[in-house]
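Protein chains in written order, with my numbering: chain B, 15 to 125; chain V, 136 to 249.
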């Protein structure tokens with residue numbers, strides 16, 4: 015079935031490096047995408063979203079890139095900090111359906 | 136704080152017990168959701184409510200029974216659960232159901248079935 019997935023289950027970076035977390039989706043009808051961050055013992059927290067009429071959106075230290083041609087979504091975190099250590103999920107939907115989540119990438123930041 | 140509060144945070148129950156999970160949202164949203172999060176698996180959507188009416192039920196076993204008495208409160212009634220039902224149960228809300236908008240999550244209830 016159609017689903018959202020991530021390329022790597024874990025990613026380890028040094029403090030200060032830039033992090034890139036990738037996500038592939040298979041539903042070409044999806045038109046809305048979100049990145050969530052989940053810290054240990056907490057629920058997922060919204061980071062940034064993007065609609066299919068855009069290919070890039072920037073927030074504070076984060077950038078989301080959408081490549082609809084290859085159905086690929088990425089989250090870039092600039093100057094990664096220890097507080098960024100968490101599990102990151104991408105999610106997608108099309109109007110009329112609930113959010114579908116990928117498995118998550120665990121980001122570990124060492125200082 | 137996300138504006139979505141879940142209680143209890145932790146729950147241990149036997150397979151013959153009956154318990155309920157509670158969720159309350161203070162965001163004025165019209166839609167509420169239950170998700171199940173198991174280790175090594177994506178979040179699984181269980182139920183969707185829009186304006187207190189159930190709009191989606193993803194083939195969830197009948198031992199899970201949701202209740203939405205008003206747009207701010209959502210319950211998940213549990214009875215005769217199995218050990219494989221042990222997981223983190225997450226409640227979420229959004230402005231409208233199943234539209235292109237973010238969902239706000241509570242901190243979850245960690246359920247252990249013994």
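We put the beta carbon where it would ideally sit given N, CA and C, even for glycine.
Residue i, enclosing beta strand (DSSP E) - first and last residue
i, result
"residue 249 of chain V", "No beta strand (DSSP E) holds residue 249 of chain V; DSSP gives it neither H nor E."
"residue 183 of chain V", "179-185"
"residue 223 of chain V", "222-229"
"residue 77 of chain B", "76-81"
Nearest neighbour of residue i, chosen from the options [CA to CA]
i, options, result
"residue 136 of chain V", "B:31, B:37, B:59", "B:59"
"residue 149 of chain V", "V:216, V:234, V:223, V:243", "V:216"
"residue 105 of chain B", "V:174, V:162, V:235, V:226", "V:235"
"residue 210 of chain V", "V:142, V:156, V:143", "V:156"
"residue 177 of chain V", "V:166, V:202, V:224, V:160", "V:224"
Where residue i meets chain B, residues with beta-carbon distance less than 8 Å
i, result
"residue 243 of chain V", "56, 57"
Between the CA atoms of residue j and residue i - distance to the nearest angstrom
i, j, result
"residue 212 of chain V", "residue 117 of chain B", "26 Å"
"residue 158 of chain V", "residue 90 of chain B", "33 Å"
"residue 15 of chain B", "residue 171 of chain V", "Confidence at residue 15 of chain B is low in this model, with a pLDDT of 33, below 50, so the placement of that residue should be treated as unreliable; the coordinate-derived value is given next. Residue 15 of chain B and residue 171 of chain V: Cα-Cα distance of roughly 19 Å."
"residue 152 of chain V", "residue 72 of chain B", "48 Å"
"residue 93 of chain B", "residue 125 of chain B", "12 Å"
"residue 4 of chain B", "residue 119 of chain B", "This structure leaves residue 4 of chain B out entirely; chain B is present only between 15 and 125."
"residue 144 of chain V", "residue 242 of chain V", "8 Å"
Amino acids of chain B, ordered along the chain, whose beta-carbon sits closer than 7 Å to that of residue i
i, result
"residue 191 of chain V", "112"
"residue 177 of chain V", "115, 116, 117"
"residue 238 of chain V", "113"
Neighbour list for residue i in chain V, Cβ cutoff strictly below 9 Å
i, result
"residue 65 of chain B", "235"
"residue 69 of chain B", "Here the premise fails: no neighbours, minimum Cβ distance about 16 Å."
- Query: Do the stretch 185-204 of chain V and the stretch 73-89 of chain B meet, that is, are 3 or more Cβ pairs less than 8 Å apart?
  - Reply: Contact annotation: the stretch 185-204 of chain V does not touch the stretch 73-89 of chain B, with fewer than three C-beta pairs closer than 8 Å.
- Just checking, does the stretch 34-47 of chain B make contact with the stretch 78-87 of chain B on the three C-beta pairs under 8 Å criterion? Two segments are said to touch when three or more pairs of C-beta atoms, one from each, lie closer than 8 Å; by this definition the stretch 34-47 of chain B touches the stretch 78-87 of chain B.
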